[in-house]
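The sequence shown lines up with residues 1 to 284 when you count with UniProt numbering. Here a beta-carbon is modelled for each residue, glycine too, at the ideal position from N, C-alpha and C. Treat the numbers as computed from the prediction; the structure is a model and nothing was measured. Structure record follows, encoded as structure tokens.
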Amino acid sequence: MTVVVKIGGARAVDPEGALADVASLVEDEEDVVLTHGGSTAVDETLEDLGKEPTYVETPGGVVGRFTDEETMDVFKMVMPGKLNTDLVESLQNEGVNAVGLSGTDGKLLEGKRKSAVRVKEDGKKKIKRGDHSGTIASVNADLLETMLAGGYTPVVSVPILGKEKDGGYTAVNADADRAAAAIAGALEADLVVLTDVSGIYEDPDDESTKIDSAATPEEFETVKAAAEGFMTKKVMAAEEALEGGASRVTVATANADDPISSALAGEGTTLEPGSLAEGEEVEP
Numbered sequence: 001m002t003v004v005v006k007i008g009g010a011r012a013v014d015p016e017g018a019l020a021d022v023a024s025l026v027e028d029e030e031d032v033v034l035t036h037g038g039s040t041a042v043d044e045t046l047e048d049l050g051k052e053p054t055y056v057e058t059p060g061g062v063v064g065r066f067t068d069e070e071t072m073d074v075f076k077m078v079m080p081g082k083l084n085t086d087l088v089e090s091l092q093n094e095g096v097n098a099v100g101l102s103g104t105d106g107k108l109l110e111g112k113r114k115s116a117v118r119v120k121e122d123g124k125k126k127i128k129r130g131d132h133s134g135t136i137a138s139v140n141a142d143l144l145e146t147m148l149a150g151g152y153t154p155v156v157s158v159p160i161l162g163k164e165k166d167g168g169y170t171a172v173n174a175d176a177d178r179a180a181a182a183i184a185g186a187l188e189a190d191l192v193v194l195t196d197v198s199g200i201y202e203d204p205d206d207e208s209t210k211i212d213s214a215a216t217p218e219e220f221e222t223v224k225a226a227a228e229g230f231m232t233k234k235v236m237a238a239e240e241a242l243e244g245g246a247s248r249v250t251v252a253t254a255n256a257d258d259p260i261s262s263a264l265a266g267e268g269t270t271l272e273p274g275s276l277a278e279g280e281e282v283e284p
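Structural data, given as structure tokens:
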């Protein structure tokens, strides 16, 4: 079994239990690919440098980061530079032979660069240019499988390789949940998304309303209707993972003993491939 694990970058997420759990899974000869976020650390670094993070709203109502050139430089420093290195260091101390990778290494994660985005400001639709972002179109699964076969545990972060219109490449930002989804789909793996809540709640303010699983299109519609805020993108990523070939997706808390093993055993909210409507296409 191959497991792709995504550790969220929110301040409330403690990765310590997940890293110890990765070590246990690897010791049991399970293949693990670890991915991670880091938006909070990027925002804090931007503020330390005297630059306010920029978030925009699309005409469809989705809020996301606008990544200009200066912000992209900070992403390169923080994501593969600090956070990825810290995770690799911690895994080495757990006895795991981890290798840090960004999406630019070996064309691991590749897609088309979006240099302009449609936004809604003051009720008006506008085009905002100078963005450094992209949507993943391909995953170099062979690179990951080669490393796993060699006994290494890949630790993957954005940026990805964004293809320009002239055929060249630029390192660009991409959503970390969707990056994990693309990897899980390419490897036909289980995807465990670890965050700071124990799953997806029908009432976001009431943990007792956690949805345990979705195995039918009707149940998945309930999950999508319940998702709000940051959880919306996680559900979108889960849908993309299942559409891409992932065996199942579980959203669960990182702040628990053995959080990955617990998620695989049914804790959290588990989304099964059967929850996608037949012939359904996921919008990019």
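So, is residue i buried or exposed, given that buried needs 16 or more other C-beta atoms within 10 angstroms?
i: P217; result: exposed
i: E27; result: exposed
i: D122; result: exposed
i: L194; result: buried
i: G134; result: buried
i: K126; result: exposed
i: T269; result: buried
i: S102; result: buried
i: V96; result: buried
i: P59; result: exposed
Quick check: residue i and residue j, are their CB atoms within less than 8 Å of each other?
i: V155; j: L108; result: no
i: K163; j: K112; result: yes
i: G9; j: T40; result: yes
i: G38; j: V78; result: yes
i: D21; j: S247; result: no
i: G229; j: I211; result: no
i: G245; j: G185; result: yes
i: K51; j: D177; result: no
i: K128; j: F220; result: no
i: V158; j: A174; result: yes
i: A18; j: A179; result: no
i: L87; j: P15; result: yes
Just curious, the beta strand (DSSP E) that residue i is in, first and last residue?
i: E110; result: 109-121
i: S157; result: 153-163
i: D31; result: 31-36
Taking the continuous alpha helix (DSSP H) assigned at residue i, which residues delimit it?
i: V193; result: Per DSSP, V193 belongs to no alpha helix (DSSP H); it is in the beta strand (DSSP E), 190-195.
i: A12; result: Premise fails: A12 is in no alpha helix (DSSP H) and is neither H nor E.
i: I211; result: Taken as a continuous stretch (DSSP letters only), I211 belongs to no alpha helix (DSSP H), as it is neither H nor E.
i: L144; result: 141-149
i: D48; result: 39-48
i: E57; result: Segment 55-57 is the beta strand (DSSP E) holding E57; no alpha helix (DSSP H) there.
i: G185; result: 176-187
i: V96; result: Premise fails: V96 is in no alpha helix (DSSP H) and is neither H nor E.
i: V235; result: 230-244
For a test of your reading of the model: does the CB of residue i fall under 7 Å from any non-hydrogen atom of the ligand PLP? Yes or no.
i: A263; result: The ligand PLP is absent from the structure shown, which contains no ligand whatsoever.
On the DSSP bridge list, what partners appear for residue i?
i: I127; result: R118
i: I136; result: G111
i: G269; result: With the sequence shown as reference, residue 269 is identified as Thr, and Gly is not the correct amino acid for it. T269 pairs with V251.
i: S24; result: In DSSP, S24 forms no bridge with anything.
i: N173; result: S133
i: K6; result: T35, V193
i: G64; result: V56
Quick one: measure Cβ to Cβ for residue i and residue j, integer angstroms, because I've assumed they're closer than 8 Å.
i: T104; j: L161; result: 5 Å
i: I183; j: T35; result: 6 Å
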